[in-house]
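Student:
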Amino acid sequence: MALKLGITGRLLVWLSTFVLIFYGTILILFINIQQIVKITENIVSNNFEISSISKKMIENLLSMEENEKKYHLLKKDIYIQNFMAAQEEFTSNLNKILEITPSDSDASSEWREIDNSYRHYAFDPGKPGEDITIAEQWIPEKVINNWIDKISRTRTKNEERIEAATRELNRHGQKSARNGLVGLGLSGLIGLLGILFLSNSMVRPLKDLLKGIHSISKDQFNTPLRIRSQDEFGELARAFNEMATQLKEEEQMRSDFISMLSHEIRTPLTSIRESVNMLVEEVMGAINERQRKFLEIASMEIGRICNLLNHLMQVSRLESGSLQIQKRLIDTSSFVSGCIRHLSHVAEAKDISITVQIPPNVPNITGDPEHLQRVFLNLLDNAIKFSAQGSRIDVAVNLAKNRKDLIFSVTDSGPGIPKEEQVLIFNKYYQAKGTRDHVDGVGLGLNISNHIVKAHGGEIHVDSKVGKGSTFYFQLPATGGK
Ligand code: ADP
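Okay, so the sequence shown: first residue is 0 according to numbering that gives the first Met the number 0, each after it adds one.
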C-alpha cells in the first residue's frame, strides 16, 4: 500500500500520537490525584472533626451525669451551673456535627436521630413569670447513658468510614501508579516504534537510491527503483528513474550512432588500407624511400583506426547481446603461455620480464578461446603499457576458495588506480585521470573484457594501490580434469 503522507505529515502524526498519550497519561494521573485529594479532604475536614467533636460530646454527657448526681447528693448550685454549662457545650457540639455532616449521608441521619431525642430534653427556660424548678430540667441517667451508647456507636461507624476511606485512598494510589507506569511505558513504546518506523521509511528508499546510483556508475541500471511511497522519497525515486531512463536512452542513441558510423567508415577505410598496401608493395609501380616512409606511416595510422573501429563494433555487438560464444575445452597452461608469447615482443621492447605461476594439474576451462584470449591479452597489454621500463609482471593461475573456479591474475608495479576509479575503469571510454594523457587507448578494453568474462559466467575485478601497482583478476568456472 502506498503511503500518502509526506515526511512532515508522518512526523506530525507520530509526534501527535506521542504527545497525546503522554499528556493523556498526565491527565489521568491528575484526575486520580484530585480524587485522592478529595478523599483526604473529606477525611480531614469531616471524619476527623466528627471523631474529635463526638469524643467531647461524650465527655459533656458524662459531666452532665456526674453534676446531676453530685447535686442530688450535696444540693449545691454550682453543680446546676456545671450541668447547664456541659449541656450548653453539648448542644453547640451537636449543632457543629450536624453542620459538617453532609445532609444526604448515613452519618447525618444517625446524628439527626440523636438530635431529635436530645431536643425532647433540651433545657426549657419557661415562660416569663412561670416558675420552673431545676428538678424538672434534669435528664434521666438512663437517657444520658442511652445517648452515650448511641454516640459511641456512631463514632465507631465514623472510624469504620475513616478506615474505608483510607483503603479507598490506597486503591487510588495504586491505580495512579499503575496508570502512570502503563502510560509512560506506552508513550515510550510509541516513541521507539515511531522512530523505528520513520527511520525505516526513510532509510529504505535512500538505500534503494544508493543502489540505483551505484548501478548507474557501473553501467548496469536495468530495473527502475521501486516507488514505495507517495512522499518526497517517492518523488525522488521517480525523478531518479526518469533521469536514469533518459541517460539510458541517450547512451543507446550514442551507441547506435557509433555503431552506424563504424560500419560506414570501415568499408572505405579497408579500401584505402588495401590501396596504401598495394602502393607500398609497389604493385602500381616503383616508389622512392621518402614516399615509402610516408605510406608506411599512413598504413600504421589506418591500422590504428581499423583497430579502434573493431573495438567500437565489438562493444556495440556485446551490448546488443549478439556476441556469439563458441565454447570449447581449453587447456589452461597452454592458453596462458600462448597469450604471453603473443605479447612477449612488446614486453621485451620495454625490457619487462614476465613470471608465470601455474599450479601443477591445473584444471581445464571451457569457453571461447578467441574471446578469452582477448581478455587476457588486454590485461597483459595494459600491464605492459602502464609498467615502467625494466620492471616485472607476474601472471598467476590459482584455484578459487570454492575449488570450482580458476582465478587468472596479472600483477604489475605500475602507477596503480585510485580507489574511487576502480569501478569506473570497467565503464565504456573511461580512462583513469592519472593515465589519460600519457598512453594510447580509448578506454574500451576493460569494458569488452568485462562483457566477455560475464558471458562466460565469471567475473573480473581489480585490486590496486596508487604508487604500488595493480592486480587484475578474472575468475572462470573450471571444468575439471586435465
Ligand atoms: P585503455 O587501456 O585502452 O585506455 P582499458 O579499458 O583497457 O582502456 O583501461 C581503462 C583505463 O583503466 C585505462 O585508461 C587506465 O586508466 C586504467 N588501467 C587499466 N589497466 C591498468 C593498469 N594495469 N595500471 C594502471 N591503470 C590501468
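Backbone N, C-alpha and C define an ideal beta-carbon position, used for all residues, glycine too.
Note that the structure is a prediction, hence the values are computed from the model and not measured.
1) Tell me, to the nearest whole angstrom, how far the beta carbon of Val361 is from that of Ser332; I am working on the premise that it is less than 8 Å.
2) Measure how close the beta-carbons of Glu295 and Val282 come, nearest whole angstrom, since I'm counting them as under 8 Å.
3) Going by beta-carbon coordinates alone, are Arg166 and Ala106 separated by less than 9 Å?
4) Tell me the residue span of the alpha helix (DSSP H) that contains Thr100.
5) Classify Leu224 as helix, strand or coil using the three-state DSSP reduction.
6) For the ligand ADP, any of its heavy atoms closer than 8 Å to the Cβ of Ser390?
7) Nearer than 8 Å: is that true of the beta carbon of Leu342 relative to any heavy atom of the ligand ADP?
8) Tell me whether the beta-carbon of Val314 lies closer than 9 Å to the beta-carbon of Ala297.
9) Report the start-end ranges of each beta strand (DSSP E) in the stretch 326–374 that is 3 residues or longer and not cut off at the edges.
10) For His460, which of helix, strand or coil comes out of DSSP?
11) If you draw a straight line from the alpha carbon of Asn31 to that of Ser116, how long is it in whole angstroms?
12) Are the C-beta atoms of Gln325 and some chain D residue less than 9 Å apart?
13) Please look up how many angstroms separate the CB atoms of Trp146 and Ile96, rounded, as I've assumed it's under 8 Å.
14) Please report how far the alpha carbon of Thr100 lies from the alpha carbon of Ala163, in whole angstroms.
15) Among residues of its own chain, excluding the 5 on either side of Asn41, which ones have a beta-carbon nearer than 8 Å to its beta-carbon?
16) Quick one: complete beta strand (DSSP E) runs, 3+ long, within the stretch 398–448?
17) Is there at least one non-hydrogen atom of the ligand ADP closer than 8 Å to the beta-carbon of Gly466?
18) Only counting the same chain, and skipping five residues up and downstream in sequence, which positions put a Cβ closer than 7 Å to that of Met56?
19) First and last residue of the beta strand (DSSP E) that includes Pro204?
20) By the 10 Å Cβ neighbour count, where 16 or more other Cβ atoms means buried, how is Ile131 classified, buried or exposed?
21) Please say whether Leu307 and Ile451 have beta carbons closer to each other than 9 Å?
22) Could you check if Ser270 is buried or exposed, using at least 16 other CB atoms within 10 Å of its CB as the buried criterion?
23) Over what stretch of residues does the beta strand (DSSP E) that includes Thr470 continue unbroken?
Tutor: In brief:
1) 6 Å
2) So it is not a contact: roughly 15 Å between Cβ atoms.
3) no
4) Run containing Thr100: none; DSSP gives neither H nor E here.
5) coil
6) no
7) no
8) no
9) 327–329, 352–356 and 364–366
10) strand
11) 41 Å
12) This model lacks chain D altogether, as it is built from one protein chain only.
13) Not confirmed; about 13 Å, so no contact.
14) 17 Å
15) Ala164
16) 404–411
17) no
18) Phe89, Asn92, Leu93 and Ile150
19) Unbroken run through Pro204 is the alpha helix (DSSP H), Glu140 to Ser216; no beta strand (DSSP E).
20) Annotation note: pLDDT 47 at Ile131 (below 50); position unreliable, no value reported.
21) no
22) exposed
23) Gly468 to Pro476
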